[in-house]
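The sequence shown begins at 24 in this note's numbering and counts up one residue at a time.
We put the beta carbon where it would ideally sit given N, CA and C, even for glycine.
Input: a single structure, listed below in structure tokens.
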Amino acid sequence: MIVGVIGSGAMGAGIAQVAAVAGHNVVLYDNNASALDKAKAGLTTTLRKLQEKGKLANADEVLQRFSFADNVVAFSECGLIIEAIVERLDVKKAVFAEVEKAVSDTCILASNTSSLSITSIAAACSNPARVMGLHFFNPAPLMALVEIIPAVQTNPELIPVAKELMLKWGKTPVIAKDTPGFIVNRVARPFYSEAIRIYEEGIADMATIDWAMTEIGGFKMGPFTLMDYIGHDVNYVVTETVFQSFFYDPRYKPSFSQKRLLEAGWLGRKSGKGFYNYAAGAEMPAPNKDEVLGMEIVERVLAMLINEATDALYLNVASAADLEIAMTKGVNYPKGLLQWCSEWGADRCLEKLDSLYHDYHEDRYRASILLRKQAIGNKKIV
Ligand SMILES: NC(=O)c1ccc[n+]([C@@H]2O[C@H](COP(=O)([O-])OP(=O)(O)OC[C@H]3O[C@@H](n4cnc5c(N)ncnc54)[C@H](O)[C@@H]3O)[C@@H](O)[C@H]2O)c1
């Protein structure tokens, strides 16, 4: 099967690499010639480096599988197209409608969107049953997780086909309902937003929150370091999109602290400044390693994360197993949130949320009904 990829940016080039290494001929299309040239040069360098490191047998053989196109006509022989262009619904819809005319009747059309509705994208096609979400994580060649998202219109028979294919590509597929943020970008929101809230309230500074979440919580990166790493142009925009898509549910409310960074162009590591200053010689602030404060921070963020995962399960966004896989493989959490809930005890988690709810009187802290039910008799989900 020939695989077509639309958009040769960070994600498109990475997905094209994964497909080619898995043995497919790949047509990579971009409407920007210089982006295509950059992807071509980048793929050549990356694949040669992989060969040097002994991780790829023959880079030139893989490189020969690529063709680079400036027109969708080149997709005529493809069996699967994965779109990874700019995150705008109007543009994606126009591209899907155009691409559908260029491909065979049996070609599957997938979007790598992080936060847009797959159902809306599918609606742009005359055969929406062939459309689904295939959400890879950045960098696509290294991150194992792929969220498979059936749209309302998707032919259900295509889902096991997609799953099988992702397994062949060495990926770990999970199935997610077409709801805002799918699994990872929904369930992970409190990791960022509750950390910012703690900082905004002056309970602790960024360095202390990052220290608590890594040293006590066991996360690989603290929330502020991670947001700076992802970039506020990406992380803030996902938060805002998820918030709007959830009909302004306060649980997903973005913060002014992060919005202002975006407005200032302080995008994080890539611009040299974000929550932290990355200029040469700049000193990183030291955390206050107060264990009691650290534990308070971890409990609050973790309770919010567990609540989000529990609610996603309750609302059938994904199975319990897929929720655990998604958070450990997609954002490298030290353990699944449902397992964490069992280890902590649903009652302890509920108690934390209810005390926050009691203190703030904000809907943001409402506990999931499933968590409340689990807390009775301290039942375990996993
Ligand atoms: N970057 C991430 O961390 C990440 C992770 C998962 C999913 N995504 C999603 O993947 C998609 C692409 O993200 P990215 O980070 O690779 O973006 P990017 O800006 O690096 O690349 C997008 C590419 O698409 C091309 N493009 C734009 N409009 C086009 C059009 N109409 N026709 C053809 N090509 C067009 C651009 O020239 C560019 O090369 C987005 O939907 C994003 O939400 C991104």
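Residue environment, residue i, which counts as buried when at least 16 other CB atoms sit within 10 Å
i: Gln-87; result: exposed
i: Met-155; result: buried
i: Leu-66; result: buried
i: Glu-180; result: exposed
i: Phe-279; result: exposed
i: Phe-270; result: exposed
i: Lys-76; result: exposed
i: Asp-83; result: exposed
i: Met-236; result: buried
i: Val-96; result: exposed
i: Gly-193; result: exposed
Beta-bridge partners of residue i, as assigned by DSSP
i: Ala-36; result: Answer is none; Ala-36 lacks a bridge partner.
i: Ala-45; result: DSSP output for Ala-45 lists no bridge partner at all.
i: Glu-106; result: Ile-29, Ser-134
i: Ile-239; result: The partner list for Ile-239 (beta bridge, DSSP) is empty, contrary to what the question assumes.
i: Tyr-52; result: Ile-29, Ala-92
i: His-406; result: Since the first residue of the chain shown is 24 and the last is 405, residue 406 is not available in this structure.
i: Gly-291; result: Lys-296
i: Cys-101; result: Ile-25
i: Ile-232; result: For Ile-232, which the question treats as bridged, DSSP gives no partner whatsoever.
i: Asp-206; result: Just to set this straight, residue 206 is Ile in the shown sequence, not Asp. For Ile-206, which the question treats as bridged, DSSP gives no partner whatsoever.
Closest residue to residue i among the options (Cα-Cα distance)
i: Ser-134; options: Ala-199, Ile-105, Asp-113; result: Ile-105
i: Val-122; options: Arg-111, Ser-149, Leu-139; result: Ser-149
i: Ala-146; options: Val-169, Val-126, Phe-119, Ser-137; result: Phe-119
i: Ala-39; options: Thr-69, Ile-144, Asn-55, Lys-396; result: Thr-69
i: Lys-63; options: Gly-30, Ala-45, Gly-77, Gly-46; result: Gly-30
i: Ser-365; options: Asn-311, Arg-111, Ile-404, Lys-358; result: Ile-404
i: Val-49; options: Gly-37, Ala-56, Leu-338; result: Gly-37
i: Lys-402; options: Tyr-380, Trp-367, Tyr-383; result: Trp-367
i: Tyr-52; options: Leu-376, Met-244, Ala-125; result: Ala-125
i: Met-318; options: Asn-54, Leu-73, Asp-233; result: Asp-233
i: Asp-377; options: Phe-214, Pro-183, Ala-335, Asn-330; result: Asn-330
i: Glu-224; options: Ile-399, Thr-262, Tyr-383; result: Tyr-383
i: Asp-256; options: Ala-227, Ile-320, Val-109; result: Val-109
i: Val-261; options: Gly-240, Ala-305, Arg-212; result: Arg-212
i: Val-315; options: Gly-240, Tyr-356, Asn-81; result: Gly-240
i: Ser-268; options: Lys-293, Met-189, Gly-204; result: Gly-204
i: Leu-139; options: Phe-266, Ala-390, Phe-298, Met-24; result: Phe-266
i: Leu-59; options: Phe-89, Leu-73, Asn-81; result: Phe-89
i: Val-459; options: Lys-296, Glu-374, Leu-249, Thr-264; result: Within the shown structure, residues of the chain are numbered from 24 to 405, placing residue 459 beyond reach of any answer.
i: Gly-102; options: Ser-57, Leu-188, Lys-115; result: Leu-188
i: Pro-162; options: Tyr-388, Lys-352, Lys-358, Gly-245; result: Lys-352
Assumed close pair residue i, residue j - CB separation to whole angstroms, cut-off 8 Å
i: Phe-159; j: Met-34; result: 6 Å
i: Gly-27; j: Phe-91; result: Incorrect: roughly 12 Å between the Cβ atoms, too far for contact.
i: Asp-386; j: Pro-273; result: 5 Å
i: Val-324; j: Glu-217; result: 5 Å
i: Tyr-259; j: Gln-281; result: 5 Å
i: Tyr-337; j: Leu-393; result: 4 Å
i: Ala-107; j: Thr-142; result: Between Thr-142 and Ala-107 the Cβ distance is about 19 Å, and since that is not below 8 Å, they are no contact.
i: Phe-214; j: Leu-328; result: 6 Å
i: Asp-128; j: Ile-172; result: Not really, about 22 Å apart at Cβ, beyond 8 Å.
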